[in-house]
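Under the numbering used here, the final residue of the sequence shown carries the number 319; numbering is consecutive throughout. Even glycine gets a Cβ: it sits at the ideal position worked out from N, Cα and C. Since the structure is predicted, the reported quantities are computational estimates derived from the model, not experimental observations.
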Amino acid sequence: MGAKLGRNDPCHCGSGKKYKQCHQRGDETRAREERELKTIGQWVAFQVAGLESNLPDEVVDAAGDDAPFRQVALFDRPAPGPQAHIALAAADEAEAEVKTLATAFSESHVSVHECVDCKRGRGVRLKDRLTGEERMVWDPELGSEVEPLEVVLGRVVMVGDRAVMSPEYEKVYFRGRKKAVADLEALVTEAAGADPAARRAWLKANGTAVVERVRAARPAQ
Numbered sequence: 099m100g101a102k103l104g105r106n107d108p109c110h111c112g113s114g115k116k117y118k119q120c121h122q123r124g125d126e127t128r129a130r131e132e133r134e135l136k137t138i139g140q141w142v143a144f145q146v147a148g149l150e151s152n153l154p155d156e157v158v159d160a161a162g163d164d165a166p167f168r169q170v171a172l173f174d175r176p177a178p179g180p181q182a183h184i185a186l187a188a189a190d191e192a193e194a195e196v197k198t199l200a201t202a203f204s205e206s207h208v209s210v211h212e213c214v215d216c217k218r219g220r221g222v223r224l225k226d227r228l229t230g231e232e233r234m235v236w237d238p239e240l241g242s243e244v245e246p247l248e249v250v251l252g253r254v255v256m257v258g259d260r261a262v263m264s265p266e267y268e269k270v271y272f273r274g275r276k277k278a279v280a281d282l283e284a285l286v287t288e289a290a291g292a293d294p295a296a297r298r299a300w301l302k303a304n305g306t307a308v309v310e311r312v313r314a315a316r317p318a319q
């Protein structure tokens, strides 16, 4: 929101009302909640929720409540405007860190990540099974929830030089997940070859297919 607004200044939202009569209370509540966050993962979840709250209703409704599909709809669907819908919401935010976060999400992709190492209560090293990239995610909550060899469906987002697992991820629990991941690897290789950049671009454009493949591999209940 740029420079600090006085109570009697026009509100930053453009309503024409004084700040004290419009967004001041909500802004102060949000700032207080943000100060209480303890990890970068919590900060990312908090900021993304704030960005989503500014999106048009039709975009949010189309995204639905299913977490991985919701991420594809919000961050990967190309039109209108910027590649990621989330960037539309960030366009009106003055804080550079929020714009940086929106850009980071627009450059990420949904994938299947295997935990190759766990620092209990500190973080995990994740390998993107579809691009081969490995990143250390320093997040105490993730380090307490994900065990070595477990696989999660979600997106790792680079916020500056730090890797963060997007908060809307899910574990791939079902038996046969090794075959499901191998089938996905074969699909990406056939479509995009071995070049990591080409594979990332394919995943960015086909996030829904990735989620659907993982879901289809689940055994019938």
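Which residue or residues does DSSP assign as beta-bridge partners of proline 108? When beta bridges are read from the DSSP output, proline 108 appears opposite Lys116.
Could you spell out where the alpha helix (DSSP H) holding serine 209 opens and where it closes? Here serine 209 belongs to no alpha helix (DSSP H); instead the beta strand (DSSP E) covers 209 to 217.
Is aspartate 226 buried or exposed, if buried means 16 or more other CB atoms sit within 10 Å of its CB? Burial is judged here by how many other beta carbons sit within 10 angstroms of a residue's own beta carbon; aspartate 226 has at least 16 and is buried.
What did DSSP end up calling arginine 130 once you bin it into helix, strand or coil? Per DSSP, reduced to three states, the secondary structure at arginine 130 is helical.
With a cut-off of 7 Å, does the C-beta of histidine 207 fall near any C-beta of chain C? Going by chain labels, chain C is absent from the structure shown, which holds only one protein chain.
Express the C-alpha separation of arginine 220 and tyrosine 117 in angstroms, rounding to a whole number. So the alpha carbons of these two residues sit roughly 41 Å apart.
For alanine 202, tell me which candidate among Val257, Asp125, Leu240 has the shortest Cα-Cα distance. Residue Val257 is the option with its Cα nearest to alanine 202.
Going by C-alpha distance, which of Val255, Gln122, Asp174, Glu212 is nearest alanine 307? Of the candidates Val255, Gln122, Asp174, Glu212, the residue whose Cα lies closest to the Cα of alanine 307 is Asp174.
Are the beta-carbon atoms belonging to valine 235 and valine 222 less than 7 Å from one another? Judged by beta-carbon spacing, valine 222 lies within the 7 Å limit of valine 235, meaning their Cβ atoms are closer than that value.
Helix, strand or coil, according to DSSP, for glycine 258 in the structure here? Coil.
Assign leucine 228 to one of three DSSP states: helix, strand, or coil. DSSP, read as helix, strand or coil, puts leucine 228 in coil.
For glutamate 131, does the count of other Cβ atoms within 10 angstroms reach 16, so buried, or fall short, so exposed? Looking at its Cβ environment, which holds fewer than 16 other Cβ atoms inside 10 Å, glutamate 131 is exposed.
Out of His207, Lys217, His110, which one is the CA nearest neighbour of alanine 295? Nearest C-alpha to alanine 295 among His207, Lys217, His110: His207.
Looking only at DSSP bridge pairs, what is glycine 221 linked to? Lys217.
Proximity winner among Ala129, Asp107, Thr127, relative to glutamine 119 (alpha-carbon distances): The residue with the shortest Cα to Cα distance from glutamine 119 is Asp107.
Whole alpha helix (DSSP H) elements within the segment 229 to 301, 4-residue minimum: Taken in chain order, the whole alpha helix (DSSP H) runs of length 4 or more contained in the segment 229 to 301 are 238 to 243, 275 to 290.
If you drop the 5 nearest sequence neighbours on each side, which residues of the same chain put their C-beta closer than 7 Å to that of alanine 303? Result list for alanine 303: empty, nothing under 7 Å.
Using the three-state DSSP reduction, which class does arginine 316 fall into: helix, strand or coil? Look at arginine 316 here: in three-state DSSP terms it is coil, with no helix or strand label.
In whole angstroms, what is the alpha-carbon distance linking valine 309 and glycine 291? Each residue's Cα considered, the two are about 20 Å apart.
Among Asp125, Tyr267, Arg316, which one has its Cα closest to the Cα of alanine 278? When only C-alpha atoms are compared, the closest one is Arg316.
Can you tell me whether leucine 186 is helix, strand or coil according to DSSP? Unreliable positioning characterises leucine 186 in this predicted model, as indicated by a pLDDT of 48, which lies under 50. A coordinate reading is not provided.
Buried or exposed, going by whether 16 or more other CB atoms sit within 10 Å of the CB of tyrosine 267? Buried.
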